[in-house]
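*Asks:* Residue numbers (the numbering used here): 1312 to 1746. Before anything else, here's the structure in question.
Take a look at the structure:
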């Protein structure tokens, strides 16, 4: 889209939204754009916003859903306050709600009309939200063009059938290893064998949510086995393969061996942070959202690295991982579409992404924000960048999560007699038709 068409298209998009019966009542941004050299020209950004302000004659009610962590809630509150101050001519009532990103899609689709006007969600939920008609497409913008200011991969991931449906926010929704360098060396954290041996020798522990489907994927992917979603909502998975370089049984046995080590703890994010704070856990597989907690727990020993290698049939195999992004979406049923879009733009612009990155440890998708010294030098983001070489974009059908988590739990507990049988059962569940 050419930037000079922005205001005209914005007006058209708002009208289209109302005509679609979504309940939106947004003002036209610039209905009187002129022409130049045969092309439509937009008025200045200020004109588009001025039109929105002029068309607003009552309190603008908006709800914004974001991550439940204190860091996110605090920085988003600050940004909303800045937004209200920036447009002080308007009376706002903006409510910030607590919403787990993992559950966002399900909670939005449970009742789209009652859901938040603006919400933060992970990229793998985009297609379902678009197919359900829950997202307002970004046919034009007020203050900046997200397709030009953000990393191309994030823009591509936010696009369906050539149309942008969300504002990129972060490019760091993946996992890596936090560790305490007062106890562990770079050599220690390079492999699971060395890592667990070093922790065991010091009476310490290492954490990872092996029973979590998101994390379990890294072992099988690293060994070259496939698991990905198809356009019809099904999954392709060969984790039970018997004719590959590393068979599914080889990988599953390697996972069970890791989990059988006395220093290994299968735990969720919150428990890992607690164990680290009490001095027990000196390394954990986690993501950027846990940065603040591990900085506090490890102090001057705080460090991060890509995921370790693990032993499969005597070989050292580099773990893979899921990679992903976080987006900000605007509800297609918002009663204040124009203001919802402007708010979404505001909390995803360069300045806001920088503030969110500093507050939460997550990596901005905005190219300028991501390259700032304060963010680019962060250990967690450096580790994530190192792991990205081995990461795959998360694109899976819904039937993956339950069976994969069950498989992970069985491997953690070692509660099986036939490894091939549990792999066959897991793959049958993962690849079944959507329920």
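Glycine included, every Cβ here is placed at the ideal spot set by N, Cα and C.
#1: Under the three-state reduction of DSSP, which class applies to residue 1575: helix, strand or coil?
#2: State buried or exposed for residue 1522, treating a residue as buried only when at least 16 other CB atoms are found within 10 Å of its CB.
#3: So residue 1715 is in the alpha helix (DSSP H); what residue range does that whole segment cover?
#4: Find the nearest neighbour of residue 1558 within the set 1606, 1442, 1641 and 1624, judged by alpha-carbon distance.
#5: Here's a check: name, in chain order, each residue in its chain whose Cβ is nearer than 8 Å to the Cβ of residue 1510, leaving out the five neighbours to either side.
#6: Within its chain, find whatever has a CB closer than 7 Å to the CB of residue 1636; leave out the 5 residues flanking it on each side and keep chain order.
#7: List the endpoints of the continuous beta strand (DSSP E) containing residue 1658.
#8: Just reading off the beta strand (DSSP E) that residue 1539 is part of, what are its end residues?
#9: Given a threshold of 16 other Cβ atoms within 10 Å of its Cβ, counted over all protein chains shown, does residue 1730 qualify as buried or as exposed?
#10: For residue 1491, which residues in the same chain have their Cβ closer than 6 Å to its Cβ, ignoring the five residues on either side in sequence?
#11: Identify, in the order they occur along the chain, each residue of the same chain with its Cβ nearer than 8 Å to the Cβ of residue 1607, setting aside the five sequence neighbours on each side.
#12: Comparing C-alpha positions only, which one of 1401, 1419 and 1585 sits nearest to residue 1440?
#13: Since I believe residue 1601 is in contact with residue 1444 (beta carbons under 8 Å), could you give me their beta-carbon distance rounded to a whole number of angstroms?
#14: Suppose you measure from the CA of residue 1650 to the CA of residue 1622; what does that come to, to the nearest Å?
#15: May I have the straight-line CA-CA distance separating residue 1627 from residue 1673, to the nearest angstrom?
#16: Should residue 1260 and residue 1404 be called a contact, given that it needs their Cβ atoms to be closer than 8 Å?
#17: Which residue from 1561, 1570, 1641 and 1489 puts its Cα closest to that of residue 1533?
#18: For a test of the three-state rule: what should DSSP assign to residue 1449, helix, strand or coil?
#19: Quick check: the region 1381-1395 against the region 1653-1672, are there 3 or more CB pairs under 8 Å?
*Replies:* So, from the data block:
#1: strand
#2: buried
#3: 1712-1724
#4: 1624
#5: 1494, 1495, 1516, 1517, 1574, 1593 and 1594
#6: 1434, 1465, 1468, 1479, 1481, 1482, 1484 and 1676
#7: Premise fails: residue 1658 lies in the alpha helix (DSSP H), 1648-1658, not in any beta strand (DSSP E).
#8: 1538-1540
#9: buried
#10: 1593, 1609 and 1612
#11: 1588
#12: 1419
#13: Between residue 1601 and residue 1444 the Cβ distance is about 34 Å, and since that is not below 8 Å, they are no contact.
#14: 53 Å
#15: 30 Å
#16: Residue 1260 lies beyond the residue range present for the chain, which begins at 1312 and ends at 1746; the question has no answer from this structure.
#17: 1561
#18: coil
#19: yes
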